[in-house]
Amino acid sequence: MRKEWILTEEEKQNKKRRIEENRRLRISNDLNQDNQYQLDEKRISNMSNHETVTSSPHVELYEEKQDQLSSTSNLDILINVQIAYCQCFKLNTTEDSLPLYPLTKKLTAICQILNVKNITALRLINFYKKMREFQLCAEEDKVTLIKYNLPCIFFVHAVLGYDPLLDRYNEDTKHHIDGRDILLSHGLETYSKITKLMTTLRSIVELDQIIVQLALVIMLFCKGFSASQTVEPILTDPLKVFRAQNLYIERLWRFLDDRFGDKTATTIFTKLITQCLVIQIISRDTRSDIVEKVNPYDVSPIMRSIMQLS
């Protein structure tokens, strides 16, 4: 039998009042605890805000200095690339013994193109040797990057001297490649692809030549960029090459973002990446023509190595 069943009416009322009083007491205690918690929380928040306000000038000063250092470093790299390019490509290092244009024979045209590209290769190598990141690479890695990436890099460099009105690729005042020589050497399909590529890349050059000059450095450090069917040697220090490429990619992005805004920068980056895929296809096709039609000993030793002619 339960106890409450035998309580009188008065005892029941007294018990009910005690229960109600206990309930109100618990509520009061809970409210006091909540108020104390909120007070402590507010005190902690005020202390944090005070510390933030106190330290914020130092934080802002540090961040400002970091931004200045980053901007200075970015500017130094851009200036170094521009100066190095001008020094290497303004100098007249061409050989007077190279045959002159125009040419009529298909085979002779290919050899002449390779001879002009030999001049380009020498200048590009000198250009890269002025890059500190390239200097720090292992000697074996330097050879690998130059040998396997230059065939594709030639097409990016070509746009810097491309004259769409004359359909001519100027290496200097004495040597150039005419569009008709490409047509004779590689056929209409490849000629059309190259001309379309030049038109696309020229729209970037017209914004600023430094974009393509930086792209030349980025592509050098791009392991596996070659369209060659032969197996590339493994790099001695791939991490150093990877970091060098990332450095120049970051500098290019900062330049584009500061100059044109993130939307245009993204468009230019996308266009460059897309054209790199096109370049790989063109490089593969032109190399097949060269292997098929050229006697290796009709070209310079450097081009023989770069084009992997046995």
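Numbering of the sequence shown is given in my numbering, commencing with residue 55 and proceeding in unit increments.
C-beta atoms are modelled at their ideal positions from N, C-alpha and C, and glycine is treated no differently.
Rounded to whole angstroms, the separation of the alpha carbons of residue 336 and residue 248 is 7 Å.
Residue pairing from DSSP places residue 223 in a beta bridge opposite 216 and 231. The shortest C-alpha to C-alpha distance from residue 298 to any of 277, 143 and 323 is the one to 277. According to the DSSP assignment, residue 325 belongs to the alpha helix (DSSP H) that extends over 316-347. Around residue 237, the same chain offers 245 as residues with beta carbons nearer than 7 Å, after the five sequence neighbours per side are excluded. CA-CA distance, residue 141 to residue 225, rounds to 14 Å. Look at residue 243 here: in three-state DSSP terms it is helix. Straight-line measurement puts the Cα of residue 279 at about 12 Å from the Cα of residue 285. Contact between residue 210 and residue 266 holds, with the beta-carbon distance rounding to 6 Å and staying under 8 Å. At a Cβ-Cβ threshold of 9 Å, residue 187 and residue 323 do not count as neighbours. Following the DSSP letters along the chain, one finds residue 263 inside the alpha helix (DSSP H) bounded by residues 263-274.
Looking at the backbone, the Cα of residue 200 and that of residue 184 are separated by about 14 Å. In this structure, the alpha-carbon of residue 343 lies about 8 Å from that of residue 239.
In the structure shown, the three-state DSSP call for residue 298 is helix.
Excluding five sequence positions before and after residue 215, the CB atoms of its chain that fall closer than 8 Å to its own CB belong to 223, 224, 225 and 230, given in chain order. Taken through DSSP and simplified to helix, strand or coil, residue 199 comes out as helix.
Sixteen is the threshold: when 16 or more other Cβ atoms of the shown chains lie within 10 Å of the Cβ of residue 172, as they do, the residue is buried. Residue 71 sits exposed, since fewer than 16 C-beta atoms from the chains shown fall within 10 Å of its C-beta. In this structure, residue 252 sits away from residue 192, with a CB-CB distance that is not shorter than 9 Å. A direct Cα-Cα distance of roughly 20 Å separates residue 189 from residue 129. One alpha carbon belongs to residue 289, the other to residue 163, and they sit about 35 Å apart. In the three-state DSSP reduction, residue 187 falls in the helix class (H, G or I). Annotation for residue 355: the continuous alpha helix (DSSP H) segment containing it runs 355-360. For residue 180, the CB contacts under 6 Å within the same chain, skipping 5 residues up- and downstream, are 142 in chain order.
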